[in-house]
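Q:
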């Protein structure tokens, strides 16, 4: 027997005569209708994306404001979630800013490259990023089975010549690939390839992973791009008849992302922190001229989406309570 | 044109007249045959498992030996990979030992419960683990989309009464479930449910995740168990006709793991560190009696499989070089 009793409570007497009393709001939140479930899931995970091409005006915020003001921090994280990239301006031009920004959220993710990492021209570089060469479009760290979800990069000093940044919306590229070259799309979503990384930094390491270049969920929605040619293993674990289709598919995907109409190009200014979705965006940089008297120096850090979404939900609760 | 030249090198002249010279060993390692690929992948990932039931004699190592001796450390990690659980005895009975053990590998994984966490009876507990109640079999932290791969728990002091540990081989349970109740197996591998966790510890948090209770890869091999009834959301994001099959499947799975013939029961001794695969094993503990003069205290830490496998590969290289 079900009846509404006082205070908008719902009383249920079960066949074994046990009685339960539920708050009606609590019950409503557990409604099994498709519409109710969809709106709750959207509120929890905010999976809507705004796909971009070269015409994107990168959303911009103020570094100090984001640290101090909850509304500014919420706007920052909402744009990061939806657009995939936000520039924060006005940070001090010294190390430690990406760590402060990570603490604003919760904590950063330690990796073999350290708590934070310095992108600059290094002797005996253990990573292509630590040279002045061009970096073609990639996602960071596919050699980890769970690559970092979010990346913060702070420009402490910029090269006098070169070093421009390039980004592409990988989720948008997947959509285009599926339309223009369904065979390549099928190959890259179904073929696992190996990534590898070894060296010594925070400590010594020898990583090996297997990844789909494009991760899609069981409903076919793209979840993550795993692509970094510098750490893709030269061992290809495929039957020989899949080798050429794989390279053809990979070329179709990289050709697509290198089209000028898909790529956003910008120059990081000293004191600027670029924050972006490393599961979604591919990023690169043009080569630059390294001079003894003017060195390029970026500091970076990783976070994961679980921690970012946790902070986003908490900020939303606080800001909505006050508005 | 392909020919073997001096020093066992292979020279290839391509149709465009470019010449490449390969080391024959390098080429052999890239052989596309099924057998060659299988053996290389096994060497890289060591995916063979030894499934256990209640008769398991938990592999045991010496804590100080593992810290100091590479061969002992390698044996520890190989057993952890293959059997899923290893006990290390002889650790000092004070905090800091799980962190030392994690540094032996690389680094530990920080979570909202801190770098390490103290399992003891706490006032205003933010987690059921921090009470003296029974903990039914579970994996840790399914509320994170990438739950920690490995768990270290150090017993600093044990309860005078109760507090026995229980573990079950989740991969073995999946095998049994698939055989005994294929419908339940299909439900738990195809239905995503929500996990949630909120509170304040290392900092404030509000986590929400969607997971399959049993994660299988595209070839149907089990990869990970995600199950913790204490953090399973009371909101169930399913069409109403899937609700009862889901609960029925979940009950079949938990009934299976609670059968005495499947469960290993043991008592942690002070100075012992249990290290286990959190993707594979479900663990629990019986309730205990908390007395003001004799408190139970465990310290725990998380790591991920990428870092553990990295250390395992490096140790194997060192040990094999010297034998």
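Chains as they are written, first to last, in the UniProt record's numbering: chain A, 1 to 323; chain B, 1 to 323.
By construction, the Cβ of each residue, glycine as well, lies at the ideal position given by its N, Cα and C atoms.
Of the residues A:186, A:128, A:64 and A:142, which one's Cα is nearest the Cα of residue 285 of chain A?
A: Comparing Cα positions, the closest option is A:128.
Q: If the criterion is Cβ atoms closer than 9 Å, does the pair residue 274 of chain A and residue 85 of chain A meet it?
A: A contact, by the Cβ cut-off of 9 Å.
Q: Report the residues of the segment 237-262 of chain A with a CB closer than 8 Å to any CB of chain B, ordered along the chain.
A: Listed by position along the chain: 237, 238, 239, 240 and 243.
Q: Look at the alpha carbon of residue 182 of chain A and the alpha carbon of residue 174 of chain A, and state the distance between them as a whole number of angstroms.
A: The straight-line gap from Cα to Cα measures roughly 10 Å.
Q: Beta carbon of residue 152 of chain A, beta carbon of residue 235 of chain A: below 9 Å?
A: In this structure, residue 235 of chain A does not lie closer than 9 Å to residue 152 of chain A by Cβ.
Q: Residue 200 of chain B: which of B:263, B:76 and B:124 sits nearest, CA to CA?
A: The residue with the shortest Cα to Cα distance from residue 200 of chain B is B:124.
Q: Around the Cβ of residue 265 of chain B, are there at least 16 other Cβ atoms within 10 angstroms (buried) or fewer (exposed)?
A: Classification for residue 265 of chain B: exposed.
Q: Sorted by chain position, which residues of the same chain lie with C-beta nearer than 6 Å to residue 58 of chain B's C-beta, five sequence neighbours on each side aside?
A: Once the five neighbours on either side are set aside, the close Cβ partners of residue 58 of chain B are 85 and 87.
Q: Measuring CA to CA, which of A:163, A:323 and A:48 is closest to residue 82 of chain A?
A: Considering only alpha carbons, the answer is A:48.
Q: Use the C-beta contact count for residue 150 of chain A: other C-beta atoms within 10 angstroms, 16 or more gives buried, fewer gives exposed.
A: That one is buried.
Q: Determine whether the Cβ of residue 14 of chain A lies closer than 9 Å to any Cβ atom of chain B.
A: It does not: the Cβ of residue 14 of chain A has no partner Cβ on chain B nearer than 9 Å.
Q: Please identify, using Cβ separations under 8 Å, the residues of the segment 23-46 of chain A that lie next to chain B, in order along the chain.
A: The residues in question are 29, 30, 32, 34, 37, 40, 41, 44 and 45.
Q: Name, please, each residue of chain B whose Cβ falls closer than 8 Å to the Cβ of residue 235 of chain A.
A: Those are 29, 30 and 40, listed as they occur along chain B.
Q: Using the C-alpha atoms, what's the distance from residue 94 of chain A back to residue 69 of chain A?
A: Whole-angstrom Cα-Cα distance: 22 Å.
Q: For residue 274 of chain B, list the residues DSSP reports as bridge partners.
A: Residue 274 of chain B pairs with B:87 and B:153.
Q: So, at 6 Å on beta carbons, what are the nonlocal neighbours of residue 65 of chain B in its own chain, with the 5 sequence-adjacent residues on each side left out?
A: These residues qualify, in order along the chain: 72.
Q: Given a cut-off of 9 Å, decide if residue 269 of chain B and residue 118 of chain B are closer than it, judged by their beta-carbon atoms.
A: Not closer than 9 Å, so no.
Q: Compute the beta-carbon to beta-carbon distance between residue 53 of chain B and residue 262 of chain B, rounded to the nearest angstrom, for a pair I have assumed lies under 8 Å.
A: Rounded, the Cβ-Cβ distance is 5 Å, consistent with contact.
Q: Here's the rule: buried if 16 or more other CB atoms are within 10 angstroms of the residue's CB, otherwise exposed. What is residue 60 of chain B?
A: Burial call: exposed.
Q: Mapping the DSSP letters down to three states, classify residue 214 of chain B as helix, strand or coil.
A: In this structure, residue 214 of chain B counts as strand in the three-state DSSP scheme.
Q: Using the DSSP secondary-structure output, state which residues sit across from residue 298 of chain A in a beta bridge.
A: A:119 and A:155, per the DSSP bridge assignment.
Q: Start and end of the beta strand (DSSP E) containing residue 137 of chain A?
A: 135-138 is the span of the beta strand (DSSP E), which, as asked, contains residue 137 of chain A.
Q: Who are the Cβ neighbours of residue 137 of chain A in its own chain at under 6 Å, not counting the five residues just before and after it?
A: Cβ within range, chain order: 168, 257, 282 and 284.
Q: Which residue from A:102, A:105, A:104 and A:115 puts its Cα closest to that of residue 108 of chain B?
A: Residue 108 of chain B has its Cα closest to that of A:115, out of A:102, A:105, A:104 and A:115.
Q: For residue 35 of chain B, count neighbouring C-beta atoms within 10 Å of its own C-beta (all shown protein chains included) and say buried if the count is 16 or more, exposed if not.
A: It is exposed - the Cβ of residue 35 of chain B has fewer than 16 other Cβ atoms within 10 Å.
Q: When you compare only the Cα positions, how much space is there between residue 80 of chain A and residue 276 of chain A?
A: Each residue's alpha carbon lies about 6 Å from the other.
Q: Please determine, among A:33, A:207 and A:17, the residue with the shortest C-alpha to C-alpha distance to residue 239 of chain B.
A: Taking only the C-alpha atoms, the option nearest residue 239 of chain B is A:33.
Q: Residue 145 of chain A versus chain B: which residues are under 9 Å apart at the beta carbon?
A: Those within 9 Å of residue 145 of chain A in chain B are 146, 149, 304, 305 and 306.
Q: Using beta-carbon positions only, say whether residue 78 of chain A and residue 312 of chain A come within less than 9 Å of one another.
A: The answer is yes: Cβ separation under 9 Å.
Q: In chain order, what residues of the same chain have a beta carbon less than 7 Å from the beta carbon of residue 318 of chain B, not counting five sequence neighbours either side?
A: Only 70 meet the Cβ criterion.
Q: Below 7 Å between beta carbons is the criterion; list the residues of the segment 82-109 of chain A that meet it against any residue of chain B, in chain order.
A: Of all residues in the segment 82-109 of chain A, 106 and 107 have a Cβ within less than 7 Å of some Cβ in chain B.
Q: Report yes or no: is there a C-beta of chain B within less than 9 Å of the C-beta of residue 232 of chain A?
A: Not one chain B Cβ lies under 9 Å of residue 232 of chain A.
Q: Anyone know if the C-beta pair for residue 194 of chain B and residue 178 of chain B falls short of 9 Å?
A: Contact flag unset, no.
Q: Going along chain A, which residues have a C-beta under 8 Å from residue 203 of chain B?
A: The answer, in chain order, is 106 and 107.
Q: Within its chain, find whatever has a CB closer than 8 Å to the CB of residue 67 of chain B; leave out the 5 residues flanking it on each side and keep chain order.
A: Cβ neighbours of residue 67 of chain B beyond the five flanking positions: 73, 100, 101 and 104.
Q: Residue 120 of chain A and residue 267 of chain A: beta carbons closer than 9 Å?
A: Contact: no.
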